[in-house]
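Let me begin by presenting the structure, written as structure tokens, before commenting on it.
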Amino acid sequence: MTIQDPHAIPTPGADVVVATRTPNRSRRSSLAMFRNPGIAFGTAITLIWLVIMITVHWWAPYDPYESVGSRLQSPNGQHWFGTDALGRDVFTRVLYGSRQSLPIAVLVIASALLIGGTLGALAGYFGKFADTAVMRLADVTMAFPPILLAMAVAAALGPGLRNGFFAMVIVWWPIYARLLRAQVMAVKQREHIEAAVTVGATRGRILRRHVLPLSFTGVMVNATMDLGQVVLLTASLSFLGLGAVPPAPEWGAMITEGAKNFYQWWIAVAPGLAIATVVLGFNFLGDGLRDVLDVRSAQR
Amino acid sequence: MRSSFMGSSTGRASGRGLVAALATVALIAASCGSDDDSSGGTTVVGDSSNTTAGVDSTPASAGGTDVRELVVARDMDVNSLDPARAYCDTCQIYLTAVYETLITVDPSDLSQQIPRLATSWEANDDNTVFTFALADATFADGSPVEAKDVKWSWERLSNVKASASYLMDGYSSIETPDEKTVVVTFEAPNSAFLPIVSAPYMGVSNSDEAIAQASALADETAETDDSAEPFFLENSLGSGPYQLESYTEGDALVLVRNDNYWNGTPQFPMVTIKQVKDSASQLQQLQAGDVDIAMQISLDSLSQIEGDPNLNVSTTDSYNFVYIAVSPGAQGPGGAELQDPMVREAIKLAVDYTGILDVTVAGNGKLQASPIPNGFDGSADLALPAQDLDKATALMAEAGLTDGFTLDAMYPKVNVYGVDFDVMMQKVQQDLKKINIEVNLQPVEFPQWIDAINAEGIPLTAVYFAPDHTDSSQYPGYFGMIDGSPWSVRAGGGAAGAPIVNEKEAPLLSKALASSGAAKTAAYTELGQEMINDLIFFPLVNPQLVLASQADVTGNLYSGCCNLDLSFVGIG
């Protein structure tokens with residue numbers, strides 16, 4: 473029941489049966505999706521953080537690296553989230569923290585998608601040896617708890633966000649390899665693919681033109697949710713001293729400083745709130761996207 | 002020279018475990034200068050009774066019946082419990098409680114030695130021959146403490162060639178004319194030896210039992226063939242008020258009362274040093290009454306417990322200090338520029354010393370002039386460092402570096418004596434930016450740091466130091482640009498470079514070791530000035546210590562030789 477008359481199913485979820493989309497319909501449904509409160513909320517938070525990330529240097533109250541007042545001030549009119557052990561403005565540092573976490577989250581997911589997705593698609597489409605090789609490698613990688621694997625890699629490479637990036641790509645690629653493999657294998661069975669084969673299209677063309685576009689919906693939903701997870705893992709690595717190096721205003725590193733100054737709660741709470749909102753935003757967005765795109769029914 | 006082993010650190014256990022297992026840190030000991038003029042000698046005769054009279058709450062006799070057990074919270078840094086190999090702050094506490102030294106330091110007066118296993122001691126006129134008379138003491142198994150045990154213990158310390166072995170450097174013989182007399186002879190005058198004898202690492206073990214039970218070796222073969230270390234992790238063979246019950250790394254070090262203690266009845270049936278990593282947890286456990294003493298409460302959280310009627314809280318001056326060091330011979334970025342003394346002086350003048358004191362220990366500490374800490378011989382008359390940005394900028398211009406340069410700063414990721422290195426180094430980074438020096442901070446785990454600094458030096462680093470004993474000789478021996486000293490090698494670029502030597506320092510150290518009184522103080526003052534002139538070390542913080550305990554705990558004192566001497570602790 474994959475390919476049907478879209479009008480037969482009026483719900484916003486099911487009408488995005490990807491194979492039948494026309495450009496016109498697509499635009500309409502993408503606007504409609506903001507009626508989903510999850511998406512609206514998630515998009516709003518994500519957009520706010522994106523705007524902060526891009527524009528913060530124009531309007532942030534202080535320099536995130538400079539000591540601007542006496543140290544360990546509790547939140548007040550001048551310093552909304554207080555000051556840290558060096559007298560830097562915590563509010564400013566939290567805002568600038570978005571410049572550390574968000575780009576790396578996007579980069580990690582993009583890289584993992586590129587590497588893992590390519591390997592997974594090849595494995596799913598060609599099967600046999602390629603499938604076995606890629607999937608066993610993925611299994612081995614996924615056998616380690618993500619945080620432990622990331623820590624091991626980051627510790628081996630040395631601290632720094634760049635090494636943290638490599639560590640996280642290593643953690644994430646198998647997820648996308650698996651996901652794309654499953655999607656490709658499902659799509660591969662469909663009639664229009666068989667039709668393409670019969671017509672004589674090459675395997676590369678079929679994979680590119682017919683299989684991948686159909687497989688991507690589910691992956692996008694997953695990627696959106698994973699952005700939040702990467703933000704969290706970045707912060708975890710920095711919290712453990714394996715990510716950002718001082719004096720970078722990275723949220724996880726700031727929480728470490730807060731843990732050292734246990735009684736100055738604001739130092740840890742402020743970046744904690746930032747992480748919470750960002751992760752929440754991405755999760756709502758991902759959840760909403762899943763509902764709207766109705767990945768399951770699209771595959772059925 | 003504790004700076005070369007783990008201090009209490011906030012390094013994350015998980016991360017540390019992954020980077021490397023705790024590295025064994027071999028330290029080049031300071032080779033003390035030698036010979037020449039011998040003037041002035043000291044003769045010290047202690048109290049001839051067998052007690053440690055003169056100190057309040059001596060091995061506090063509890064009348065035999067039990068008060069409660071003592072629980073001490075501490076972030077432990079134990080590298081070994083073998084008396085010849087242990088070398089750490091926690092080791093000082095352990096060794097002092099379990100293995101007694103011949104003499105010890107009066108906690109209230111650094112310069113006064115008081116009797117412990119020795120009843121009297123004397124040095125000849127030129128400080129080359131030291132004679133000790135032993136008390137009628139017994140080991141925990143009841144056998145007498147004899148001169149041969151002292152000789153064996155000290156020879157073993159010297160021959161295992163571990164971190165503390167340098168304490169015995171320069172001796173030519175240890176003789177035992179009778180069972181109760183020990184005579185140590187040095188090749189060159191060594192006015193530091195009596196303070197050294199009071200260092201916990203100089204404790205005496207039961208040699209017969211060590212040989213019988215652990216096959217411990219004390220002769221020249223000890224360095225390679227001695228394998229007694231595991232035995233000492235489970236057993237102790239000392240004469241002190243407490244004995245080792247058990248040690249579990251990362252958990253607890255448990256001591257039990259030595260029921261055969263020769264010098265009174267130790268206060269507590271059991272003493273547990275409990276591993277509690279951070280200051281906040283230590284403070285909470287102290288407030289909850291779970292521990293009797295918390296040893297590493299941070300100065301920032303002091304306000305949380307001050308005025309609590311259930312607790313006894315005070316701060317005291319310490320002899321610990323934290324410093325940054327620049328290495329002109331280091332390979333990394335900035336090493337080449339540091340070869341110009343003007344650049345090093347500019348760095349010295351750019352640092353905001355009072356600001357650093359404020360951000361690291363909330364102002365609860367002192368500035369320090371040279372690597373000889375406040376309170377030690379030779380520290381009093383030197384000028385304290387101060388910030389002078391104009392002069393620093395002028396010096397940079399004169400050196401042709403107005404636009405500055407990049408300086409690599411790798412440092413151990415630790416939190417010692419209340420000073421968080423991350424915070425301190427970020428402040429240094431801010432300060433040096435004002436003279437256009439871009440500091441590239443690289444916090445690393447301790448083993449990685451020690452590898453780097455010994456292999457090729459580190460352009461700018463941060464380190465800490467707590468005294469091993471109460472004589473100033475350890476400072477020029479470690480920090481001096483004296484041939485063979487650890488820092489002369491590190492400053493010159495480690496094994497890959499060439500040591501830096503200041504020709505004036507070795508003769509000055511020999512002179513100090515051969516003199517006493519005012520002449521000795523003058524020699525150390527001069528040495529301190531020379532070390533300032535080297536422009537290698539910039540001491541930043543001489544922090545105060547927080548002494549925090551339950552209100553009824555007495556004798557929780559900081560000791561210059563021994564950190565915390567458990568035999569003074571009681572319940573009042």
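These protein sequences, in sequence, are chains A and B. By the count of my numbering, the first sequence reaches residue 772 at its end, each step adding exactly one. By the count of my numbering, the second sequence reaches residue 573 at its end, each step adding exactly one. For every residue, glycine included, the Cβ atom is placed at its ideal position computed from N, Cα and C. Computed from a predicted structure; not experimentally measured.
Pair within 9 Å by beta-carbon distance, residue i and residue j
i, j, result
"B/Gln430", "B/Ala453", "no"
"B/Ile325", "B/Met426", "yes"
"A/Tyr735", "B/Gln305", "yes"
"A/Trp644", "A/Val702", "yes"
"A/Ile665", "A/Val683", "yes"
"B/Gly419", "B/Thr361", "yes"
"B/Met296", "B/Ala74", "yes"
"B/Phe539", "B/Val352", "yes"
"B/Pro544", "B/Val323", "yes"
"B/Leu82", "B/Thr102", "no"
"B/Gly478", "B/Ser380", "no"
"A/Ala610", "A/Met623", "no"
"B/Asp154", "B/Val185", "Looking at the sequence shown, residue 154 of chain B is not Asp but Ser. Contact: no."
"B/Ala497", "B/Gly458", "yes"
"B/Ala148", "B/Glu180", "yes"
"B/Asp423", "A/Pro718", "yes"
"A/Thr515", "A/Leu765", "no"
"B/Leu303", "B/Val314", "yes"
Burial state of residue i, where buried means 16 or more other Cβ atoms lie within 10 Å
i, result
"A/Asn755", "buried"
"B/Asp535", "buried"
"B/Pro190", "buried"
"B/Asn365", "buried"
"A/Gln655", "buried"
"B/Tyr320", "buried"
"B/Thr25", "In this prediction, B/Thr25 scores a pLDDT of 32, lower than 50, which makes its location untrustworthy; no coordinate-derived value is stated."
"B/Ile84", "It should be noted that the sequence gives Pro, not Ile, for residue 84 of chain B. Classification for B/Pro84: buried."
"B/Gly646", "In the structure as shown, chain B starts at 2 and stops at 573, and residue 646 of chain B therefore has no counterpart that could be examined."
"B/Ser215", "It is worth fixing the name first, because residue 215 of chain B is Ala in this sequence and not Ser. It is buried - the Cβ of B/Ala215 has at least 16 other Cβ atoms within 10 Å."
"A/Gln661", "exposed"
Proximal residues to residue i (C-beta, below 6 Å), its chain only, five neighbours per side dropped
i, result
"A/Pro536", "Thr564, Arg565, Tyr568 and Pro721"
"B/Asp566", "Thr97 and Ser560"
"B/Ser533", "It should be noted that the sequence gives Ile, not Ser, for residue 533 of chain B. Correct list, in chain order: Ser371."
"B/Ile274", "Val73, Arg75 and Leu254"
"B/Thr129", "Phe187 and Pro190"
"B/Leu546", "Thr317, Ser319 and Tyr559"
"B/Ser39", "Residue placement at B/Ser39 cannot be trusted, given a pLDDT of 35 that sits under 50; the coordinates are not used to answer."
"A/Leu544", "Gln736"
One or two residues paired with residue i in a DSSP bridge
i, result
"B/Phe539", "B/Ile325"
"B/Tyr172", "B/Phe187"
"B/Gln114", "B/Val106"
"A/Ser546", "Answer is none; A/Ser546 lacks a bridge partner."
"B/Ile274", "B/Val73 and B/Leu254"
"B/Val130", "B/Thr186"
"A/Trp738", "BP columns for A/Trp738 are empty, so no partner."
"B/Glu504", "Beta-bridge pairing links B/Glu504 to no other residue."
"B/Pro544", "B/Gly366"
Own chain partners of residue i with C-beta closer than 8 Å, once the 5 adjacent residues on each side are dropped
i, result
"B/Gln443", "Asp409, Ala410, Met411 and Tyr412"
"A/Arg634", "none"
"A/Arg653", "Gly592, Ala593, Ala595, Gly596, Asp603, Val606 and Met607"
7 Å Cβ shell around residue i - same chain, five flanking residues per side excluded
i, result
"B/Ala524", "Leu509, Lys512, Ala513 and Ser516"
"B/Ala211", "Ala217, Ala229 and Leu238"
"A/Phe637", "Ile576, Leu579 and Val580"
"B/Arg86", "Val161, Ala163 and Glu230"
"B/Met77", "Thr91, Leu254, Ile274 and Gln276"
"B/Ile373", "Gly379, Ser380, Ser473, Tyr476, Tyr525 and Gly529"
"B/Gln93", "Pro201, Cys563 and Asn564"
"A/Arg762", "Val693"
- [ ] Could you pull out every unbroken beta strand (DSSP E) segment of at least 3 residues lying fully inside the region 400-485 of chain B, listed in chain order?
- [x] Listed in chain order, the complete beta strand (DSSP E) runs (minimum 3 residues) inside the region 400-485 of chain B are 406-413, 438-445 and 461-466.
- [ ] Identify every run of the beta strand (DSSP E) within the region 276-358 of chain B, keeping only runs that are complete inside it and at least 3 residues long; order them along the chain.
- [x] Within the region 276-358 of chain B, the runs of beta strand (DSSP E) at least 3 residues long that lie entirely inside it are, in chain order, 312-318 and 322-327.
Task: Any alpha helix (DSSP H) of 4 or more consecutive residues that is wholly inside the region 224-268 of chain B - done: For the region 224-268 of chain B, whole alpha helix (DSSP H) runs of length 4 or above, ordered along the chain, are 230-235.
Open item on the list: In chain order, what are the residue ranges of uninterrupted beta strand (DSSP E) at least 3 long that sit wholly in the region 673-697 of chain A?
Closed with: You should have found no qualifying run.
TODO: Would you mind listing the alpha helix (DSSP H) stretches within the region 561-610 of chain A that are 4+ residues and don't spill past its ends, in chain order?
DONE: Qualifying alpha helix (DSSP H) stretches, in chain order: 562-598.
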